[in-house]
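Colleague: Just so you know, the protein sequences line up as chains A and B, in that order.
Residues in the first sequence are numbered consecutively from 1329, following my numbering.
Residues in the second sequence are numbered consecutively from 91, following my numbering.
Glycine included, C-beta positions come from ideal geometry on N, C-alpha and C.
Bear in mind the structure is a predicted one, so any value in this text is a computation, not a measurement.
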Amino acid sequence: MGLWQSYRMRLRRKRARIRAFRKHFALRPVADRTAGIRPGDVLLFSTLRDEKVRLPYFLKYYRDLGIGHFLIVDNDSSDGSADYLAGQPDVSLWSTRASYKGARFGIDWLNWLQGRHGHGHWTLVVDPDEFLIYPFCDTRPIRALTDWLDASEIRSFGAMLLDMYPKGPIDAVPYRPGQDPFEIAAWFDPGNYTIRRNPLYGNLWIQGGPRARVFFADRPKKAPALNKTPLVRWDRRHAYDSSTHMLLPRGLNLTYDAWGGEKASGILLHAKFLDTFAAKAEEELRRRQHYAGSVEYKAYAERVRDDPELWCKWSEKYINWRQLEILGLMSKGNWA
Amino acid sequence: MSLGIVMLVHTAFERAEQVARHWAASGCPLVIHVDRAVPERAYRAFVKALSDLPDLRFARRHRCEWGMWGLVAATQDASTIMLREFPAVRHVYLASGSCLPLRPVQELIDYLAARPQTDFIESATTADVPWTMGGLDEERFTLRFPFSWRRRRRLFDGYVALQRRLGLRRRIPDGIVPHMGSQWWCLTRETLAAILDDPDRRAIDRYFSKVWIPDESYFQTLARKHSRQIESRSLTLSKFDHQGKPHVFYDDHLQLLRRSDCFVARKIWPSANRLYEAFLTDQAGAMSRTEPNPGKIDRVFAKAMERRVRGRPGLYMQSRFPVEGRENGLTCAPYAVFEGFSELFENFEPWLARMTGARVHGHLFAPERAEFADGETVMTGALSDSAALRDYNPRAFLASLIWNTRGERQCFQLGPGDVFEDVERFIARDANAQVSVISGAWAVPLFRSGGDVAAIRQEAARLQAREAAHLAVLRAQSTRARVRIWTMAEFVESPVEPLQSILAEIGQANPRGLAEVPRMADLTGFEQFLQDLKNQGMHPYLMGDFRAGTGLHPSPDAQRKPYLAR
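(1) For my contact list, residue 397(B) and residue 1659(A) are in at a C-beta cut-off of 8 angstroms; report their separation, rounded to the angstrom.
(2) DSSP three-state label for residue 375(B), please.
(3) Would the segment 490 to 504 of chain B and the segment 1551 to 1564 of chain A be scored as touching if the rule is three or more Cβ pairs under 8 angstroms?
(4) Should residue 426(B) go down as buried or exposed, given a rule of 16 or more other Cβ atoms within 10 Å for buried?
(5) So residue 340(B) contacts chain A; which residues on that side make the cut at Cβ distance below 8 angstroms?
(6) Output yes if chain B places a C-beta closer than 9 angstroms to the C-beta of residue 1587(A); else output no.
(7) Shorter than 9 angstroms from the beta carbon of residue 1448(A) to some beta carbon of chain B?
(8) If we count the other Cβ atoms within 10 Å of its Cβ and call it buried at 16 or more, is residue 309(B) buried or exposed?
(9) Quick check on residue 1644(A) - is its C-beta less than 9 angstroms from some C-beta in chain B?
(10) Would you say the segment 341 to 358 of chain B touches the segment 185 to 193 of chain B, given that touching needs at least three Cβ pairs under 8 angstroms?
(11) Once DSSP output is grouped into helix, strand and coil, what is the label at residue 190(B)?
(12) For residue 1403(A), list the residues DSSP reports as bridge partners.
(13) For residue 405(B), count the other beta carbons within 10 Å of its own beta carbon; 16 or more makes it buried, fewer makes it exposed. Which is it?
(14) What is the rounded straight-line gap between the Cα of residue 641(B) and the Cα of residue 420(B)?
(15) Contact between the segment 1502 to 1513 of chain A and the segment 1472 to 1486 of chain A is defined here as three or more beta-carbon pairs at a separation below 8 angstroms; is this criterion met?
(16) Starting from the C-beta of residue 589(B), find all residues in its chain whose C-beta is less than 7 angstroms away, skip the five residues before and the five after it, and write them out in chain order.
(17) Excluding the 5 residues preceding and the 5 following residue 1601(A) in the sequence, name in chain order all residues of the same chain whose CB lies nearer than 8 angstroms to its CB.
(18) Consider the Cβ of residue 417(B): report whether some Cβ of chain A lies at a distance smaller than 9 angstroms.
(19) Under DSSP, the alpha helix (DSSP H) around residue 351(B) begins and ends at which residues?
(20) Report the rounded CA-to-CA distance for residue 668(B) versus residue 573(B), giving the unit in angstroms.
(21) Can you give me, in chain order, the residues of the segment 1569 to 1598 of chain A that have a beta carbon less than 8 angstroms from any beta carbon in chain B?
(22) If the cut is a Cβ gap below 7 angstroms, which residues of chain B does residue 1476(A) touch?
(23) Going along chain B, which residues have a C-beta under 7 angstroms from residue 1662(A)?
(24) Which partner residues does residue 1450(A) have in the DSSP bridge list?
(25) Under 8 angstroms, with one C-beta from each stretch per pair, do the segment 355 to 372 of chain B and the segment 307 to 322 of chain B reach the 3-pair mark?
(26) Whole angstroms is fine: what's the gap from residue 114(B)'s alpha carbon to residue 383(B)'s?
(27) Is it buried or exposed, residue 1332(A), if we count other Cβ atoms within 10 angstroms and call 16 or more buried?
(28) Going along the chain, which residues of its own chain have a beta-carbon closer than 6 angstroms to the beta-carbon of residue 644(B), five neighbours each way excluded?
(29) Give the single residue among 478(B), 548(B) and 611(B) whose Cα lies nearest to the Cα of residue 509(B).
(30) Tell me which residue opens and which closes the alpha helix (DSSP H) that residue 560(B) is part of.
(31) Can you list, in chain order, the residues of its chain whose CB lies under 8 angstroms from that of residue 1350(A), leaving out five sequence neighbours each side?
(32) What first and last residue would you give for the alpha helix (DSSP H) that runs through residue 247(B)?
(33) Are the C-beta atoms of residue 401(B) and some chain A residue less than 9 angstroms apart?
(34) Please state if the CB of residue 314(B) and the CB of residue 182(B) are separated by a distance shorter than 9 angstroms.
(35) Is it a yes or a no for the segment 541 to 559 of chain B touching the segment 624 to 631 of chain B, going by three-plus beta-carbon pairs under 8 angstroms?
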């Protein structure tokens, strides 16, 4: 990697930090409990809008994993998400009515909050419909993972997005607050993913799964990216660049082994395809606040109207992390 | 009182205290060393918390940095105190704050009492150990290492390079034969005293203070000099990964640890509550009096290391994406590729499926769609038959197909009409691929289509050029696939033998010969068809020479089709 490119990347990183600074003025603190953050706490950062129905299970899931504090940006919810979150003892809440797109899909806000409160902590950036699975997550809290990563001098942990969907029409079974969404959306595509390496950022570009299979079968290039690096030992000089798929400095993207071995990695179970999806897709299409002119949501809205079934004969029913490990979707690496 | 514990602590003080009390409860005196990097307040709180134990001393604090001399100095000081203050101690056990006794301490005391002269210390010469880090084995003892590997990596590496370049070598003191081994040992009073009171100790210490990772070699070397009876193994179960970092035990290792019959394990995750509870309070659940047997744990960690270093061959995923040449197997299992067979034989695919039990696909890289076996539109792994998805990344498509169907042999057809430019080199480089080619057989469907030769000519030229290029790829030096190429003329002359060898390769050889042969397409008039192409100015050559009396066996009822039938 040449000097010039390194310099360009450095500028990009600086720019992301500056954007974060500029955009943070739009954030209004609603409940700031960050004084209660203890050293060593694993912190969760999230941006959301109108996700109240998901929040009870989301908070419970991550509390059970051992998340120390939740730092959440509410982007103008109208369903009472903000009130609900403000009442939680381990949640700090900011609210903004600014454009989600203008803040690069929330990245700028979270970069700011992470720089401010995440320095020196392990930080987890997830959406309210993303649930982190890592090796031994059924027996070891997330601190066991981050302690191990620290001891191994690893700064970032990759977790691919795995789209989960129900058998039958997406909207057949209503999701109730507090319910485990994977009781309904229990299925996933086990082996149809494609990977390319991004030569500039060094990250892998992963596509595939049911969205590529059903919504983008005729234009696979447009299929959404599934690679993510949600768990990072944050430093105030770090920044997510343009999306949570890429980090700067670039070394943080090297969550894979290029010499034949396997690094430890996890999965983000993606509970997007519940009965709430159709309404969400319509609304997002109207707001046009998503990536690439919401091309993704356009494709969904078209398909979902006539044939809302993602399940196929070769879909796999989710059991546990060991199953995902055996299927080769994630890896224990050398963590035993 | 016959066993004394020297304990090195630098973190997780509550656990260290808990373990210290556990040792003390069985009458073992302790000398504890706390890393000087620990803040004074934390240190004082720790000392205070343990102030009620009578047979406990604290040693002078050294800075204990991994790979540096401080750890040895700390151990020396603490051991000196142990020998001086507790004359009844017969064995001294070196442990850390994150060590956990797995068996009742009394069992360890009895075990040692039955072996009063034995020193338990892993100790081997550098030539015989596999666990060297960073390519430094013998050089640990012949170069100087004043810089920390953890904090000053560049200086460390630079200084090593400099010494190598200048050809500097240290002289190893007389009477010293460098040995290495686990830093956790259990020595008899006699041996330990002899090491500490060695008349040459100043010179020896000066030498070892610049050796790399002296805590793995100082006592291990000197024990060889002074011990009467060495049992070269550690009583502490401690496993290291490929980076030389200790593996950590968690709650879910409880059964594994129980069955290990080891006396002490390290290192334990400080928050592994169940482990501490099980082994420190529940003495009834402790293990039988047998020799330590860490074999099972060894296997678990060896597998983990293997996975990290070599990975699963043929798997491409988010944390395993090898660069070209480092795949260690491009795909995960053998598969067979057939070119020209479904063209030459009318029922090749069902025949092959019957004979081998393998999953036989059609043309996976056909232009319209991936022709999965049985006309499926989605395959194992939810792999779609969409040509666009497949062509977006055909290598991933093929590798996924083979990975998804582990345990079931895959066969598929390929031909010059397919879209596989991006994947043909991959197949050729793949040692798992068994490629069988009947060159020129693409002409058979053209011949049988009965179209106008003039119109067919162009298509024939295209297919022939494509196949010629493809054969060049298969014949390249870099090819690792098992490739067999017959010209069509060769194959038609004696088809049984090649078919047999193909089945044998898939593992379905029948010693009595083929129970059934596939039905060859009717080739009556094929020579004339080729001649017609030639007459049109094209030169079909890949099918071999059909003119010179190739033994075609036209079935008697076969009627030659008129060319313009359709």
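Modeller: In short, the structure shows the following:
(1) Along the second sequence, read from residue 1 onward, the residue named residue 397(B) stands at position 307. Along the first sequence, read from residue 1 onward, the residue named residue 1659(A) stands at position 331. Correct: roughly 7 angstroms between the Cβ atoms.
(2) Within the second sequence, residue 375(B) is the residue found at index 285, counting from 1. Confidence at residue 375(B) is low in this model, with a pLDDT of 48, below 50, so its placement is unreliable and no value can be given for it.
(3) no
(4) For the purposes of this step, residue 426(B) is taken as residue 336 along the second sequence, with counting starting at 1. The residue in question, residue 426(B), is buried, as its Cβ has 16 or more Cβ neighbours within 10 Å.
(5) Within the second sequence, residue 340(B) is the residue found at index 250, counting from 1. Chain A residues near residue 340(B): 1464, 1467, 1468 and 1472.
(6) On the first sequence, residue 1587(A) is found 259 positions in, with the first residue counted as 1. With 9 angstroms as the cut-off, residue 1587(A) counts as an interface residue toward chain B.
(7) Counted from its first residue, the first sequence places residue 1448(A) at position 120. It does not: the Cβ of residue 1448(A) has no partner Cβ on chain B nearer than 9 angstroms.
(8) Along the second sequence, one-based indexing puts residue 309(B) at 219. Buried: at least 16 other Cβ atoms inside 10 Å.
(9) Counting from 1 along the first sequence, the entry for residue 1644(A) is found at position 316. For residue 1644(A), the answer is yes, since a Cβ of chain B falls inside 9 angstroms of its Cβ.
(10) yes
(11) On the second sequence, position 100 is the one that residue 190(B) refers to. Residue 190(B) falls in the strand class under three-state DSSP.
(12) Along the first sequence, one-based indexing puts residue 1403(A) at 75. DSSP output for residue 1403(A) lists 1424(A) as bridge partner(s).
(13) Within the second sequence, the letter at position 315 stands for residue 405(B). It counts as buried.
(14) The count along the second sequence starts at 1 and reaches residue 641(B) at position 551. The count along the second sequence starts at 1 and reaches residue 420(B) at position 330. Residue confidence is low: residue 641(B) scores 47 on pLDDT, short of 50, so the model does not pin down where it sits. Its coordinate-derived value is still stated next. Each residue's alpha carbon lies about 40 angstroms from the other.
(15) no
(16) Taking the first residue of the second sequence as 1, we reach residue 589(B) at position 499. Counting only Cβ-Cβ distances below 7 angstroms, and skipping sequence neighbours, we find 604 and 607.
(17) Indexing the first sequence from 1 puts residue 1601(A) at position 273. So the qualifying residues of the chain are 1491, 1492, 1493, 1494, 1498, 1513, 1538 and 1638.
(18) Position 327 of the second sequence holds residue 417(B). Residue 417(B) counts as touching chain A.
(19) Within the second sequence, numbered from 1, the residue matching residue 351(B) stands at position 261. No alpha helix (DSSP H) contains residue 351(B), which DSSP labels as neither H nor E.
(20) Here chain B comprises residues numbered 91 to 656, so residue 668(B) is not present and cannot be evaluated.
(21) 1583, 1584, 1585, 1586, 1587, 1588, 1589, 1590, 1591, 1592 and 1593
(22) Here residue 1476(A) is taken as the residue at index 148 of the first sequence, counted from 1. Under the 7 angstroms cutoff, chain B gives 338.
(23) The residue labelled residue 1662(A) in the question sits at position 334 within the first sequence. What residue 1662(A) touches in chain B: 331, 332, 394, 395, 397 and 398.
(24) Counting from one through the first sequence, the residue named residue 1450(A) turns up at place 122. Per DSSP, 1370(A) and 1561(A).
(25) no
(26) Counting from 1 along the second sequence, the entry for residue 114(B) is found at position 24. Counting from 1 along the second sequence, the entry for residue 383(B) is found at position 293. Roughly 26 angstroms separates the two Cα atoms.
(27) Within the first sequence, residue 1332(A) is the residue found at index 4, counting from 1. With fewer than 16 Cβ atoms within 10 Å of its Cβ, residue 1332(A) is classed as exposed.
(28) Translated into positions along the second sequence, residue 644(B) becomes position 554. Bear in mind that the predicted position of residue 644(B) carries a pLDDT of just 46, short of 50, making it unreliable; the figure below should be weighed with that in mind. Counting only Cβ-Cβ distances below 6 angstroms, and skipping sequence neighbours, we find 614.
(29) Within the second sequence, numbered from 1, the residue matching residue 509(B) stands at position 419. Out of 478(B), 548(B) and 611(B), 478(B) has the C-alpha closest to the C-alpha of residue 509(B).
(30) Position 470 of the second sequence, counted from the first residue, corresponds to residue 560(B). Following the DSSP letters along the chain, one finds residue 560(B) inside the alpha helix (DSSP H) bounded by residues 543 to 564.
(31) As a position in the first sequence, residue 1350(A) is number 22, starting the count at 1. Hits under 8 angstroms: 1436.
(32) Here residue 247(B) is taken as the residue at index 157 of the second sequence, counted from 1. If you look at residue 247(B), you'll find it in the alpha helix (DSSP H) that goes 243 to 256.
(33) Here residue 401(B) is taken as the residue at index 311 of the second sequence, counted from 1. Chain A contact via Cβ: present.
(34) Residue 182(B) sits at position 92 when you count from the first residue of the second sequence. Residue 314(B) sits at position 224 when you count from the first residue of the second sequence. No, the pair does not count as a contact, with Cβ atoms beyond the cut-off.
(35) yes
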